[in-house]
Amino acid sequence: MDVAEMNVNRAHYQDTIEAFLQTSSDAICGVLASRSDFAVERTQLQAWREQVDLLQPVLARHTGRGHVFFEFVLPRIGRRVDVLLVIDQLVFVLEFKVGETEFQRHAIDQVWDYALDLKNFHEPSHWVPIVPVLVATRAPGIELRYEPPAGDEVYSPLRVGAQQLGPLLDLYLAVVSGPPIDGAAWGAGRYSPTPTIIEAARALYSGHSVADISRSDAGASNLTRTSNYLSAVIADAQQNGRKVVCLLTGVPGAGKTLVGLDIATQHMDAASSLHSVFLSGNGPLVAILREALARDHVQRERQDGRLLSKSVARRQVETFIQNVHHFRDDCLVNPGAPPEHVAIFDEAQRAWNREQTVAFMTRKKGQPDFDASEPEYLLSCMDRHTDWAVVLCLVGGGQEINTGEAGISEWIDALRTRYLHWSVHISPRLQESEYASGGALEALKSHDLVHLDEALHLSVSMRSFRAERVSDWVKFVLDLEIQKAQDTLRDLLPRYPIVVTRSLASAKAWVKANARGSERFGLIVSSQAQRLKPHAIDVRVPVDPVHWFLSPKEDVRSSYYLEDAATEFHVQGLELDWACVVWDADFRKVDQAWDHWSFVGSRWQRVRKAERQTYLKNAYRVLLTRARQGMALVIPQGSEEDPTRDPSFYDATYSYLQSIGVPSLD
């Protein structure tokens, strides 16, 4: 099914209210069952029938005024809306809990999430009021009152029993004015989502394509184009016995990892000649994706009437999402070619240089004669294939945050000096300064087997669907380009709120007040933020990133509690909807420059090595580009009584952020 067809037929059943009223519940349930992606249980048929029987008398007074949609698919979050009603000037999002007498918190968030997904990603919904309604069919009646919507015209979820649904529709239709909505055109409108990496992985793993879950508007880089380009390179390599490296660049949040996962999920079958593996040195990312996909797989099997243990589901996931260091170690033990012909290296710029790799191999693996950088060794592993192989490097700019991370130059040096028989497809943007390719790229470009193509660069950040230039703003802030930071911020603030405060409590309250439904928020800090302990933030206390990113609001280990602070190592490659970033004195503004510090023992010590200064700056780049919808920046007051938290360590940073126009909560 192509994107256009999916947009038109996203609902399993849709029709005018008039036609809906003239169709029997058996006929409607038959259509729903025939279009279902999984086996339909008796309980599901009974729930559909009860919904139809409830809605038909309710909608009898609205005949000729709108459309009805059942099981409306939202692929970004892998869910289906029970019922959507487009009547006159309003869109009602209905979630039915058949037989329920109470309104559960998770169900309220569920219907709120549906409404927000439509508002943010379904184009015709951008300009219309959306009313989420949770219907617990056996709940007692309550007094109905009209409550105004939020600024984006999404109402807070309404809760009614079966008998109150009709009066609720009448009340809101009578109060809200506006032009009538064309239901057919609304249903056929373009759905252009920007999923989080966790949402994207779930959708791809369950069979959706990258086209289903990514934006395709003219203003965004087309991920489908990039994915198709890479698929063509892989097919050509297999057919013609080539060995190929592709270097894909992109700004933070542009979808590099999404493209890599798309390629990997297309070829998960270990028996396939195109078998692919997604490799990452980002331990938290690997653990979170594996757990999310295993949970989702178990849930989908349960919906299909089959039982699957999480341990079995996890083993299946682990075959195509692996830690790059485990892949490396397997190649050390087994001298043969790896089983995969296609290896996708996420965050390839973070691969270790020769010095770091040799030291690790000598110290940890008993390999004193090892003499190669990590990129050089990984290429040698794939070069063991006698027929063909493809290596896809996903390259971020300014993302190196740890000792020994070499940028992309080590990959280029290895290709230039040892693997000249490999074809190289590269992004023309690789020469830009933040990719740290150095002079090696110029030497490589003279090679006969090098191909430059713009399809290998993703220039538009999609992490923040509200404001694509957040990464630009962060770059200007960190580079102290004040005028550019001011100009960019003026464009951002109407759609992407950023605030600064000296009070952690105020920032937490602001984040909680802005988040709706299950939008995820969390507390993030630099791993060098050692003097936030007076604020109950201790970066030395281990955080479980799986619970932090995946557990629900009720779990004290989740990010929602705003108690455990994640660092750049936990959040790189992942996203929050709202972030509370606490800024310590490790990276402080002094006069016209940033000062870099490390807390050792009982005092701050200046960081003098340029490499470590870069890691620290990049740590704040990672922290400041995690939020999709907005963020609060906390610059502590410090304390006159504590020389390790002298107010002067913080005041200049706070003043700087105010001077470039960041609104203050104080």
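Each residue of the sequence shown is one higher than the one before, counting from 299 in my numbering.
Note that beta-carbon positions come from the ideal geometry of N, C-alpha and C, so glycine has one too.
Residue i vs residue j beta-carbon contact at 9 Å
| i | j | result |
| --- | --- | --- |
| residue 529 | residue 639 | no |
| residue 429 | residue 458 | no |
| residue 808 | residue 786 | no |
| residue 923 | residue 816 | no |
| residue 564 | residue 574 | yes |
| residue 800 | residue 932 | yes |
| residue 383 | residue 357 | yes |
| residue 412 | residue 369 | no |
| residue 367 | residue 381 | yes |
| residue 959 | residue 791 | yes |
| residue 688 | residue 641 | yes |
| residue 655 | residue 635 | no |
| residue 855 | residue 842 | yes |
| residue 814 | residue 452 | yes |
| residue 693 | residue 547 | yes |
| residue 360 | residue 521 | no |
| residue 613 | residue 504 | no |
| residue 691 | residue 878 | no |
| residue 657 | residue 619 | no |
Through-space distance from residue j to residue i, alpha-carbon basis
| i | j | result |
| --- | --- | --- |
| residue 416 | residue 406 | 16 Å |
| residue 496 | residue 643 | 18 Å |
| residue 472 | residue 314 | 21 Å |
| residue 793 | residue 851 | 26 Å |
| residue 788 | residue 782 | 10 Å |
| residue 859 | residue 847 | 11 Å |
| residue 493 | residue 586 | 16 Å |
| residue 903 | residue 884 | 9 Å |
| residue 965 | residue 345 | Past the edges of the chain, shown from 299 to 964, lies residue 965, and the structure says nothing about it. |
| residue 853 | residue 920 | 26 Å |
| residue 914 | residue 882 | 12 Å |
| residue 532 | residue 727 | 22 Å |
| residue 391 | residue 414 | 10 Å |
| residue 710 | residue 686 | 20 Å |
| residue 678 | residue 684 | 12 Å |
| residue 374 | residue 889 | 45 Å |
| residue 436 | residue 456 | 15 Å |
| residue 389 | residue 439 | 23 Å |
| residue 581 | residue 724 | 27 Å |
| residue 519 | residue 558 | Confidence at residue 519 is low in this model, with a pLDDT of 49, below 50, so the placement of that residue should be treated as unreliable; the coordinate-derived value is given next. Going from the Cα of residue 519 to the Cα of residue 558 covers about 15 Å. |
| residue 857 | residue 826 | 20 Å |
| residue 749 | residue 796 | 41 Å |
| residue 327 | residue 485 | 20 Å |
| residue 798 | residue 335 | 47 Å |
| residue 329 | residue 479 | 25 Å |
Local Cβ density within 10 Å of residue i, reported as buried at 16 or more and exposed below that
| i | result |
| --- | --- |
| residue 594 | buried |
| residue 324 | exposed |
| residue 863 | buried |
| residue 425 | exposed |
| residue 399 | exposed |
| residue 715 | exposed |
| residue 483 | exposed |
| residue 362 | exposed |
| residue 516 | Confidence in residue 516 is poor, its pLDDT being 41 and thus under 50, which makes the residue's placement unreliable; the coordinate value appears in the next sentence. Burial call: exposed. |
| residue 420 | buried |
| residue 576 | buried |
| residue 740 | exposed |
| residue 899 | exposed |
| residue 554 | buried |
| residue 833 | buried |
| residue 755 | buried |
| residue 663 | exposed |
Those residues which DSSP pairs with residue i across a bridge
| i | result |
| --- | --- |
| residue 312 | 367 |
| residue 929 | 796, 877 |
| residue 283 | Outside the modelled stretch of the chain, which goes from 299 to 964, sits residue 283, for which no answer is possible. |
| residue 723 | 544, 749 |
| residue 393 | 432 |
| residue 755 | 547 |
| residue 641 | 575, 689 |
| residue 385 | 364, 388 |
| residue 822 | 864, 879 |
CB contact below 9 Å: residue i versus chain B
| i | result |
| --- | --- |
| residue 474 | Among the chains in the structure shown there is no chain B, since it carries only a single protein chain. |
Heavy atom of the ligand MN within 8 Å of residue i beta-carbon
| i | result |
| --- | --- |
| residue 871 | Because no ligand of any kind appears in the structure shown, any question about the ligand MN cannot be addressed here. |
### Task
Quick one: which unbroken beta strand (DSSP E) runs of 3-plus residues sit fully inside the region 413-492? Chain order, please.
Those beta strand (DSSP E) runs which fall completely within the region 413-492 and span 3+ residues are 428-434, 456-458.
### Query
In chain order, which continuous runs of the beta strand (DSSP E) of length 3 or greater are located wholly inside the region 544-632?
Runs found: 574-578, 619-621.
### Message
Quick check for students: name the residue ranges of the alpha helix (DSSP H) that lie wholly in the region 835-908, counting only runs of 4 or more.
### Response
Taking 4 residues as the minimum length, the alpha helix (DSSP H) runs contained wholly in the region 835-908 are 843-848, 866-869, in order along the chain.
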